[in-house]
Ligand code: FES
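Numbering (our numbering), first residue to last: 129 to 248.
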């Protein structure tokens, strides 16, 4: 049976980061936002060390960047596009090729009436 659409977040509530955490969804906590004008919803936990992706930001390249070590994810495919940076940068490629194999889950969403909705 199809679930009814669920309102996730108002576009006005996204702020400059372009993304937020929505805890109460049928799929648990999701990172929900806009990238290039397109809505997205992905699992909230970074594949590196579990950083809360909804507290990150949408980067200039349209990827979702983790707030902890700046790994980046393609929000359409859920794939890690860049491994963690900072102290982890020397091993970013290894992290990306190992932990990055487990893509983020992506969920179908749409914008309607100024809100992002999870499709049923
Ligand atoms: S926890 Fe996300 S990059 Fe490290």
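Just so it is clear, CB atoms sit at the ideal spot from N, CA and C, and this is done for glycine as well.
For the ligand FES, I want to know if residue i counts as a neighbour, meaning its beta carbon is within less than 7 Å of at least one of the ligand's heavy atoms.
| i | result |
| --- | --- |
| residue 192 | no |
| residue 90 | As shown, the chain starts at 129 and ends at 248. That puts residue 90 outside it, with no answer to give. |
| residue 271 | Only positions 129 to 248 of the chain appear in this structure, which leaves residue 271 out of reach. |
| residue 177 | yes |
| residue 159 | no |
| residue 155 | no |
| residue 215 | no |
Taking just the CA atoms, how far does residue j sit from residue i?
| i | j | result |
| --- | --- | --- |
| residue 196 | residue 232 | 16 Å |
| residue 215 | residue 198 | 11 Å |
| residue 132 | residue 248 | 5 Å |
| residue 169 | residue 213 | 23 Å |
| residue 159 | residue 150 | 6 Å |
| residue 162 | residue 186 | 8 Å |
Across which residues does DSSP place residue i in a beta bridge pair?
| i | result |
| --- | --- |
| residue 168 | 161 |
| residue 243 | 138 and 240 |
| residue 152 | In DSSP, residue 152 forms no bridge with anything. |
| residue 192 | 186 and 201 |
| residue 226 | Answer is none; residue 226 lacks a bridge partner. |
If contacts are defined as beta-carbon pairs under 8 Å, then residue i and residue j qualify, I think. What distance do you get, rounded to the angstrom?
| i | j | result |
| --- | --- | --- |
| residue 224 | residue 208 | 5 Å |
Inter-stretch contact (C-beta, 8 Å, three-pair minimum) for the region 138-145 and the region 239-246: These segments touch.
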